[in-house]
Amino acid sequence: MKFTSVFDIIGPVMIGPSSSHTAGAARIGRVARDLFGRQPKKVTIHLFGSFAETYRGHGTDVALIGGLLNYDTYDERIKTSFIEAEKQGLSFEFIPETAHTEHPNTARIVLEDDEGEMSVVGISIGGGKIEVSEVNGFKLRLTGGMPAILVVHDDRAGCIANVANCLAMHDVNIAHMEVSRIERGHTALMVIEVDQNIEPKVLQQISLIPNITKVSKINT
Amino acid sequence: MDVLFHNVRELVERAENENKKIAHLMIEQEMLISGRTEDEIRTQMLKNLEVMEAAVERGLNGVQSVTGLTGGDAVLIQNYMKEGKALSGNLLLDAVSKAVATNEVNAAMGTICATPTAGSAGVVPGVLFAVKNQLQPTKEQMVDFLFTTGAFGFVVANNASISGAAGGCQAEVGSAAAMAAAGVVEMAGGTAQQSAEAFAITMKNMLGLVCDPVAGLVEVPCVKRNAMGAANAMVAADMALAGVTSRIPCDEVIGAMFRIGQSMSPNLKETARGGLAVTPTGKAISKAILENGSLQSIKSLSH
Numbered sequence: 001m002k003f004t005s006v007f008d009i010i011g012p013v014m015i016g017p018s019s020s021h022t023a024g025a026a027r028i029g030r031v032a033r034d035l036f037g038r039q040p041k042k043v044t045i046h047l048f049g050s051f052a053e054t055y056r057g058h059g060t061d062v063a064l065i066g067g068l069l070n071y072d073t074y075d076e077r078i079k080t081s082f083i084e085a086e087k088q089g090l091s092f093e094f095i096p097e098t099a100h101t102e103h104p105n106t107a108r109i110v111l112e113d114d115e116g117e118m119s120v121v122g123i124s125i126g127g128g129k130i131e132v133s134e135v136n137g138f139k140l141r142l143t144g145g146m147p148a149i150l151v152v153h154d155d156r157a158g159c160i161a162n163v164a165n166c167l168a169m170h171d172v173n174i175a176h177m178e179v180s181r182i183e184r185g186h187t188a189l190m191v192i193e194v195d196q197n198i199e200p201k202v203l204q205q206i207s208l209i210p211n212i213t214k215v216s217k218i219n220t
Numbered sequence: 001m002d003v004l005f006h007n008v009r010e011l012v013e014r015a016e017n018e019n020k021k022i023a024h025l026m027i028e029q030e031m032l033i034s035g036r037t038e039d040e041i042r043t044q045m046l047k048n049l050e051v052m053e054a055a056v057e058r059g060l061n062g063v064q065s066v067t068g069l070t071g072g073d074a075v076l077i078q079n080y081m082k083e084g085k086a087l088s089g090n091l092l093l094d095a096v097s098k099a100v101a102t103n104e105v106n107a108a109m110g111t112i113c114a115t116p117t118a119g120s121a122g123v124v125p126g127v128l129f130a131v132k133n134q135l136q137p138t139k140e141q142m143v144d145f146l147f148t149t150g151a152f153g154f155v156v157a158n159n160a161s162i163s164g165a166a167g168g169c170q171a172e173v174g175s176a177a178a179m180a181a182a183g184v185v186e187m188a189g190g191t192a193q194q195s196a197e198a199f200a201i202t203m204k205n206m207l208g209l210v211c212d213p214v215a216g217l218v219e220v221p222c223v224k225r226n227a228m229g230a231a232n233a234m235v236a237a238d239m240a241l242a243g244v245t246s247r248i249p250c251d252e253v254i255g256a257m258f259r260i261g262q263s264m265s266p267n268l269k270e271t272a273r274g275g276l277a278v279t280p281t282g283k284a285i286s287k288a289i290l291e292n293g294s295l296q297s298i299k300s301l302s303h
């Protein structure tokens with residue numbers, strides 16, 4: 001069931017003109033920022049399908065940048081996000097792509113700063129609702145509807161148990177969990193959806209567990 | 001996940017068996033899913049209602065989009081109504097003008113509440129704030145109306161689509177109009193089954209509607225499609241309240257909408273590569289906007 005709340009239907013409150021191209025785009029930008037864990041210095045945004053065809057007219061571009069500046073869908077500053085990005089030293093580039101993607105409204109955002117780089121693929125599925133379908137090459141499915149923790153780690157025995165233990169110690173209940181790896185013995189990813197927003201200290205502790213390389217979160 | 005209803009049939013049966021309004025079933029389900037209280041859920045919907053009201057008011061005062069393609073039509077319709085010569089009646093035209101008002105605000109990058117999307121955000125508030133004058137509902141009843149429309153929208157979104165890119169305009173304005181019709185019926189005292197009939201009758205008349213926005217903007221023909229969506233909803237609600245039923249059951253109409261959307265060419269699903277978008281004037285408008293960023297040149301085009 002893709003739509004779970006009545007407020008997915010009657011809502012969101014947003015700046016026009018398009019729920020999928022403006023509000024959805026702002027949410028994709030904001031989730032990407034959340035996953036990156038800070039405001040990037042540079043973003044490269046690849047647009048696919050209907051996003052690529054109509055992004056100027058729908059304000060998809062200003063909305064994505066607005067989201068990357070941490071604006072919500074109803075934030076009036078979305079309209080002037082380009083100016084604000086420049087002020088805050090966030091440089092950006094849009095690349096409309098012709099490749100066919102599974103969903104018509106897809107954006108791949110590459111976020112960078114001096115400390116690192118991250119690639120996030122977001123899709124806008126209608127009515128302002130979004131899903132994250134890929135992070136750093138890992139396929140996944142995150143709706144952003146629940147708080148979530150993403151853990152990049154070395155593919156070693158015990159990693160998953162250690163993370164689960166750490167969450168249990170902080171009384172965080174796991175609602176849904178997925179694990180995947182690109183190649184046996186190399187880098188792996190845990191996607192953990194939880195019932196409540198996650199405190200920074202929990203993330204801090206997970207990052208201290210052996211073989212964990214990166215931890216990020218989405219709060220709601 | 002366990003929900004109270006997966007389709008319209010289950011929704012209507014539950015309303016009848018438990019002698020509850022559809023609005024209240026939607027609230028119950030939201031409580032179940034979110035773990036929040038009825039008060040919290042109602043408060044959030046009340047905020048959405050206030051956003052809708054503000055957008056209608058702003059649009060009735062006259063707005064203009066960034067491109068200059070849309071704006072000001074809501075004012076024209078209201079002025080015409082004051083002359084008292086409206087052929088289709090002031091209540092219907094009031095709904096139309098308020099739907100137009102909301103979508104003109106949306107096109108101007110103003111604040112709106114998506115119902116179910118931004119491109120179709122005019123229909124539900126247009127119908128609600130017109131019928132408000134006739135039925136004199138309380139604030140609570142107006143919030144209930146939004147939950148009723150939301151219940152039907154929930155079914156469409158999960159069993160078909162509410163995205164123009166996935167299902168064409170029938171999925172957006174079509175869904176919005178059918179949702180509004182179902183909501184009005186309940187507000188006017190109709191049964192749950194009559195709400196379902198109103199939904200089916202409206203949706204049947206929106207089937208096949210393509211999404212072909214000129215220059216890819218949510219302006220032409222979106223604003224006027226919201227106008228007609230509101231008119232369609234009002235008439236279908238009256239038909240259902242009169243006792244007219246749909247020969248094809250509501251859920252099957254929704255299924256038909258989904259399959260039509262699947263078989264629709266991608267050119268007609270929000271890509272601006274077909275329909276009105278590629279008419280000579282549509283293409284000229286698109287070219288002018290891409291070159292100049294606004295419509296200085298469009299105005300000379302149309303005169």
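First to last, the sequence lines map onto chains A and B.
Position one of the first sequence corresponds to residue 1 (full-length UniProt numbering), numbered consecutively onward.
Position one of the second sequence corresponds to residue 1 (full-length UniProt numbering), numbered consecutively onward.
Ideal Cβ placement from N, Cα and C applies to all residues, glycine included.
Against chain A, a Cβ distance below 8 Å from B/C113 picks out I10, G11, P12, V13, M14.
DSSP, reduced to helix, strand and coil, places B/T245 outside both helices and strands of the structure shown, so it counts as coil. Put simply, of B/V123, B/D212, B/V244, B/R247 the residue whose alpha carbon is nearest the alpha carbon of B/G153 is B/V123.
Contact annotation, A/E134 with A/T143: C-beta distance approximately 14 Å; criterion of less than 8 Å not satisfied.
Of all residues in the stretch 48-68 of chain B, only N48, V51 come within less than 7 Å of chain A when Cβ atoms are compared, listed by chain position.
In the three-state scheme derived from DSSP, where H, G and I count as helix and E and B as strand, B/F5 is classed as coil. Contact of B/A107 with chain A by beta-carbon distance below 9 Å involves G16, P17. A/T187 and A/V152 do touch by the CB rule: their CB atoms are close to 6 Å apart, below 8 Å. In terms of Cβ geometry, B/A118 and A/G16 form a close pair [threshold 9 Å].
Using a C-beta cut-off of 8 Å, the stretch 40-58 of chain B makes no contact with the stretch 198-208 of chain B, since fewer than three inter-stretch Cβ pairs fall below that distance. Between B/I77 and the set B/A192, B/A256, B/K224, B/R36, the nearest pair of CA atoms involves B/K224.
Closest option to A/I45, judged by alpha-carbon separation, among A/E102, A/D8, A/V121: A/V121. Under the Cβ criterion of 9 Å, A/E53 is counted among the residues facing chain B.
B/V3 belongs to the set of residues whose beta carbon lies under 9 Å from a beta carbon in chain A. Cβ proximity to chain A below 9 Å picks out A121, V124, L146, F147, T149, G150, A151, F152, G153, F154 from the stretch 121-154 of chain B. Closest in alpha carbon position to B/N7, among B/T37, B/A200, B/G229, B/G216, is B/A200. With contacts defined by Cβ atoms closer than 9 Å, A/T54 and B/A215 form a contacting pair. With its beta carbon less than 9 Å from one in chain B, A/T4 belongs to the interface. Inter-residue distance for A/A107 and A/I28 is about 8 Å (C-alpha atoms, whole angstroms). Along the stretch 30-52 of chain A, going in chain order, the ones with a CB nearer than 8 Å to a CB of chain B are G49, S50.
By the CB criterion at 9 Å, A/I149 and A/L208 fall outside the cutoff.
Judged by DSSP in its simplified three-state form, B/S195 adopts helix.
Nearest C-alpha to B/G275 among B/R42, B/V75, B/C169: B/C169. Within the DSSP secondary-structure output, A/T106 pairs in a beta bridge with A/F48, A/I123. In the DSSP annotation of this structure, B/R259 is not part of any beta strand (DSSP E); the continuous alpha helix (DSSP H) holding it starts and ends at 250-263. For A/A157, there is no enclosing beta strand (DSSP E), since its DSSP letter is neither H nor E. The Cβ-Cβ distance between A/E193 and A/I174 falls below 9 Å. Residue state for B/P116 is assigned as coil, using DSSP reduced to three classes.
DSSP places A/F138 within a strand segment (E or B) once states are collapsed to three. Taking a Cβ-Cβ threshold of 7 Å, none of the residues of chain A is close to B/G274; the smallest such distance is about 11 Å.
At a cut-off of 9 Å between beta carbons, A/I130 makes no contact with chain B. By a beta-carbon distance limit of 8 Å, A/L35 does not contact A/L68. Their separation comes to about 11 Å. B/G126 has its alpha-carbon roughly 30 Å from the corresponding atom of B/P266.
Counting along the chain, A/I28 sits inside no beta strand (DSSP E); it lies in the alpha helix (DSSP H) bounded by residues 24-36. Beta-carbon to beta-carbon, B/G71 and B/E104 are separated by about 5 Å, close enough to satisfy the 8 Å threshold. Listed in chain order, the alpha helix (DSSP H) elements of length 4 or more contained wholly in the stretch 142-183 of chain B are 164-167.
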